[in-house]
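Please read the structure below before turning to the comments.
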Amino acid sequence: MIENSSQRRHNASLFCTQNAANQAIENAILGQMPLTEEKVKLLETKAKEIRRSIIEMLIEAKSGHTAGPLDMADIFTYLYFHALKHDPKNPSWEYRDRFVLSSGHICPVLYATMAHAGYFPVEELKTLRKFGTRLQGHPHREWLPMLETSSGPLGSGISQTVGMAIADRIDNGRTSGKQFYCVTGDGELDEGNNWEGIMLAGKEKLQNLTVIVDRNNIQIDGFTEDIMPLNPLGDKWRAFNWHVVEIDGHNFRDIDRAFGEARAVFDRPSVIIANTIASKGVPAFERMFEWHGKPPGTEEEIKQAREALK
Amino acid sequence: MLNPHLKLNPKLLDPAVEQVPIRKGFGEGLLQAAETDKRVVGLCADLTESTHMLAFKQKFPERFIEIGVAEQNLATVASGMAAMGKIPFITSYAMFSPGRNWEQIRTTIAYNDRPVKIAGSHAGISVGPDGGTHQAIEDIALMRVIPRMVVISPCDAIQAKKATLAAAKTDDPTYIRLAREKTPVMTTEETPFEIGKAQIVFKSEKPDVGIIATGALLFKALKVAHKLSEEGKKVTVLNIHTIKPLDEEAIIKLAHESRAIVTIEEHQIIGGLGGAVAECLAAHFPVPIEFIGVKNEFGQSGKPDELLEHYGMGEKDIYAAVQRVVLRKK
Numbered sequence: 668m669i670e671n672s673s674q675r676r677h678n679a680s681l682f683c684t685q686n687a688a689n690q691a692i693e694n695a696i697l698g699q700m701p702l703t704e705e706k707v708k709l710l711e712t713k714a715k716e717i718r719r720s721i722i723e724m725l726i727e728a729k730s731g732h733t734a735g736p737l738d739m740a741d742i743f744t745y746l747y748f749h750a751l752k753h754d755p756k757n758p759s760w761e762y763r764d765r766f767v768l769s770s771g772h773i774c775p776v777l778y779a780t781m782a783h784a785g786y787f788p789v790e791e792l793k794t795l796r797k798f799g800t801r802l803q804g805h806p807h808r809e810w811l812p813m814l815e816t817s818s819g820p821l822g823s824g825i826s827q828t829v830g831m832a833i834a835d836r837i838d839n840g841r842t843s844g845k846q847f848y849c850v851t852g853d854g855e856l857d858e859g860n861n862w863e864g865i866m867l868a869g870k871e872k873l874q875n876l877t878v879i880v881d882r883n884n885i886q887i888d889g890f891t892e893d894i895m896p897l898n899p900l901g902d903k904w905r906a907f908n909w910h911v912v913e914i915d916g917h918n919f920r921d922i923d924r925a926f927g928e929a930r931a932v933f934d935r936p937s938v939i940i941a942n943t944i945a946s947k948g949v950p951a952f953e954r955m956f957e958w959h960g961k962p963p964g965t966e967e968e969i970k971q972a973r974e975a976l977k
Numbered sequence: 276m277l278n279p280h281l282k283l284n285p286k287l288l289d290p291a292v293e294q295v296p297i298r299k300g301f302g303e304g305l306l307q308a309a310e311t312d313k314r315v316v317g318l319c320a321d322l323t324e325s326t327h328m329l330a331f332k333q334k335f336p337e338r339f340i341e342i343g344v345a346e347q348n349l350a351t352v353a354s355g356m357a358a359m360g361k362i363p364f365i366t367s368y369a370m371f372s373p374g375r376n377w378e379q380i381r382t383t384i385a386y387n388d389r390p391v392k393i394a395g396s397h398a399g400i401s402v403g404p405d406g407g408t409h410q411a412i413e414d415i416a417l418m419r420v421i422p423r424m425v426v427i428s429p430c431d432a433i434q435a436k437k438a439t440l441a442a443a444k445t446d447d448p449t450y451i452r453l454a455r456e457k458t459p460v461m462t463t464e465e466t467p468f469e470i471g472k473a474q475i476v477f478k479s480e481k482p483d484v485g486i487i488a489t490g491a492l493l494f495k496a497l498k499v500a501h502k503l504s505e506e507g508k509k510v511t512v513l514n515i516h517t518i519k520p521l522d523e524e525a526i527i528k529l530a531h532e533s534r535a536i537v538t539i540e541e542h543q544i545i546g547g548l549g550g551a552v553a554e555c556l557a558a559h560f561p562v563p564i565e566f567i568g569v570k571n572e573f574g575q576s577g578k579p580d581e582l583l584e585h586y587g588m589g590e591k592d593i594y595a596a597v598q599r600v601v602l603r604k605k
């Protein structure tokens with residue numbers, strides 16, 4: 668069913684020509700795809716499978732980040748199984764939406780979601796962080812060409828996505844059918860480069876740009892509001908002329924509403940501040956900043972994670 | 276004698292030789308590249324006029340992005356535009372780009388293998404009165420150390436134009452180093468230019484010494500070579516306009532012929548042209564080398580020529596270095 672809807676999006680694209688107006692119509696059709704109760708259930712099931720994969724990857728790799736990947740599993744599932752216009756069998760399809768992961772360290776969720784969406788075999792996930800793997804510790808587009816960019820050093824994803832959207836507007840105008848998405852962490856917003864990009868996007872009124880902030884309130888050294896307060900976070904973005912939506916990042920209906928709103932806004936870029944629970948899905952690890960950058964290591968931790976995601 | 280095959284400016288050693296800022300050649304090259312290739316876009320960090328991007332902006336406003344004073348954004352937005360098939364040229368002063376945005380250039384441009392062209396204007400100590408904060412004398416080292424990065428340091432405005440046009444045609448991340456001051460025009464439209472191909476500008480049979488120069492200081496190297504040849508010394512001068520990839524063959528050949536090398540650059544001697552030449556010769560054909568450049572210190576305000584002399588990059592310094600290196604020959 669999920670594969671079918673992905674296929675449907677691709678089929679819809681076959682009716683599309685390079686004509687910008689047609690693309691706009693196509694996009695409108697895609698934007699109207701309803702999130703049915705049945706689809707929500709499927710997304711929930713898929714998100715759980717992805718969380719299981721994340722945990723198994725981390726256990727196998729014996730290093731990597733746990734909190735962010737687990738808490739962004741719902742958003743990534745929504746993106747790859749509902750929102751993104753993409754074709755896993757043709758990753759370089761010109762008319763695809765562009766998705767940039769700025770917080771490269773949460774790549775286990777990116778890899779797991781892409782594998783479940785059909786980009787590469789799920790078995791390959793076990794190679795995470797091993798010598799010669801395509802699944803580098805932080806994403807590298809040369810090793811895994813279906814990525815839009817490489818990331819790891821924080822704070823540069825928004826600007827790259829801004830550049831992509833500006834380049835597309837030069838070619839296709841303001842009615843381009845493509846959406847440009849970027850996921851960032853919240854601690855990552857300490858980086859000044861972000862705000863340079865946010866300022867430019869506001870100036871350029873990039874209506875087809877949407878940033879999703881993983882607002883899990885933790886970073887390596889502690890809680891974000893202790894390390895470097897971000898609040899009032901929504902007001903900061905508003906001051907830079909962005910449309911701001913704050914949501915429960917684990918509720919698919921909420922997520923769907925926010926993405927719909929972001930697509931509908933025409934005169935400014937949108938940010939979805941997704942309030943998430945760090946390490947969501949494994950209660951023993953939830954909300955703790957200690958889980959930012961380590962994998963389940965002890966037998967007890969491995970058991971807790973596997974039990975919780977059964 | 277001057278190499279006739281290069282069709283250099285016949286008035287090169289004339290006191291009234293025409294002088295043009297190197298950055299002006301970049302502006303002309305960018306405009307021409309943009310006229311022939313729609314993929315060329317320009318991004319600037321609030322220095323459109325002084326980096327000579329203005330003509331491009333006026334002719335192609337839809338392909339020009341004003342980034343504001345934000346060099347990290349300059350590099351990363353360009354990377355995103357390159358991801359969509361554009362060939363972005365980004366300009367600021369070299370001190371700020373690639374000075375301030377080094378990691379963004381490394382990760383989002385070089386590691387990502389995006390064909391972004393970084394034009395760093397006002398490079399070198401000859402920026403003068405602005406003082407040490409604005410004198411980029413570490414930029415060659417910063418860019419040379421990054422895998423994949425091509426590093427071009429043209430000697431005059433005409434070469435800068437050719438370098439810009441050549442860079443626009445490659446898929447490589449590229450740094451083009453530009454100077455602010457008026458510089459004697461040494462080459463002509465007919466002078467060949469190929470990225471990575473060094474030029475023998477002044478040639479002697481069985482030279483006593485080989486001078487290897489980059490950027491505007493090539494002119495001083497030529498003047499010293501001319502003086503030395505009048506004194507009966509045999510000198511060959513090599514113009515290394517491309518510091519990476521380095522034309523190792525030409526450098527090794529010159530070392531073989533001369534058995535003594537002087538390198539000249541308006542840059543720290545650590546990690547720049549001198550470093551590159553020393554790495555090459557240490558591995559392939561060790562000979563004595565004298566290094567002309569800034570020696571592990573910062574600059575200060577002053578007139579360009581007085582600064583060049585103060586920091587040991589004047590003609591008399593080059594002349595003295597030649598004498599020293601010849602004495603070191605075995």
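Chains as they are written, first to last, in the numbering used here: chain A, 668 to 977; chain B, 276 to 605.
Heads up, the beta-carbon is just placed ideally off N, CA and C, and yes, glycines get one too.
All of these numbers come straight from a predicted model, not from anything done at the bench.
Alpha carbon to alpha carbon, what distance is there between A/S937 and B/L306? 35 Å
Output, in chain order, the set of chain B residues within a Cβ distance shorter than 7 Å of A/T828. G355
Verify whether the separation of the beta carbon atoms of B/A535 and B/V512 is less than 8 Å. no
So, helix, strand or coil for A/A695, using DSSP? At A/A695 the pLDDT is 40, less than 50, meaning the model places this residue with poor confidence and gives no usable figure here.
CB contact below 8 Å: B/K282 versus chain D: The structure shown has no chain D; the protein chains it does contain are A and B.
For A/G698, I'd like the list of residues in its chain whose CB is within less than 6 Å of its CB, leaving aside the five on either flank, ordered along the chain. For A/G698, the predicted model reports a pLDDT of 47, less than 50, meaning its position is unreliable and no value from the coordinates is stated.
Near A/L710, which residues of its chain fall below 7 Å by C-beta distance, leaving aside the five closest residues on each side in sequence? Here the set comprises T744, Y745, F748, H749 and F919.
Is A/A728 near A/L795, with beta carbons less than 8 Å apart? Contact flag set, yes.
Secondary structure at B/K392, three-state DSSP: helix, strand or coil? strand
Buried or exposed for B/F331, please, with buried defined as at least 16 other CB atoms from any protein chain shown within 10 angstroms of its CB. Burial is judged here by how many other beta carbons sit within 10 angstroms of a residue's own beta carbon; B/F331 has at least 16 and is buried.
Length of the line joining the Cα atoms of B/R338 and A/M955: 47 Å
Ends of the alpha helix (DSSP H) at B/F364? That residue, B/F364, is in no alpha helix (DSSP H); its beta strand (DSSP E) goes I362 to Y368.
Can you give me the C-alpha to C-alpha distance between B/Q333 and A/L802, rounded to a whole angstrom? 45 Å
Short CB-CB distance (under 8 Å) between A/A691 and chain B: For A/A691, the pLDDT reaches just 41, beneath the cut-off of 50, and the residue's location in the model is therefore unreliable, although a value from the coordinates is still provided. Chain B, which has no Cβ nearer than 8 Å to the Cβ of A/A691, makes this no.
Please state whether DSSP places A/Y786 in a helix, a strand or coil. Residue state for A/Y786 is assigned as coil, using DSSP reduced to three classes.
Below 8 Å on the Cβ atoms is my contact criterion, and I expect B/A350 with B/T383 to pass it. Report the Cβ-Cβ distance as a whole number of Å. 6 Å
Going by Cα to Cα distance, which pick from A/A925, A/G844, A/G916 and A/W862 is closest to B/V352? A/W862
Endpoints, the beta strand (DSSP E) within which B/P296 is located: Q294 to P296
So for B/K495, helix, strand or coil by DSSP? B/K495: helix per DSSP, three-state reduction.
Using the three-state DSSP reduction, which class does A/N839 fall into: helix, strand or coil? helix
Inter-residue spacing [alpha-carbon to alpha-carbon] between B/K282 and B/E465: 6 Å
Tell me where the alpha helix (DSSP H) around A/C849 begins and ends. Counting along the chain, A/C849 falls outside any alpha helix (DSSP H), though it belongs to the beta strand (DSSP E) covering F847 to G852.
Taking any Cβ of chain B, which residues in the stretch 828–851 of chain A have a Cβ under 7 Å from it, in chain order? T828, V829, G830, M831, I833, A834, D835 and I837
B/K509 and B/K481 closer than 8 Å at C-beta: yes
Going by beta-carbon coordinates alone, are B/N376 and A/S817 separated by less than 8 Å? no
Output needed for A/D921: all residues of its chain with C-beta closer than 8 Å, excluding positions within five of it in sequence on either side, in chain order. I914 and D915
When burial is assigned at 16 or more other CB atoms within 10 Å of the CB, is B/R603 buried or exposed? exposed
Using DSSP with H/G/I as helix, E/B as strand and the rest coil, what is A/N689? No answer about A/N689 holds up, because its pLDDT of 45 lies below 50 and its placement is not dependable.
B/D447 touches chain A at which residues, Cβ-Cβ below 9 Å? Result: empty, since nearest Cβ-Cβ is about 14 Å, beyond 9 Å.
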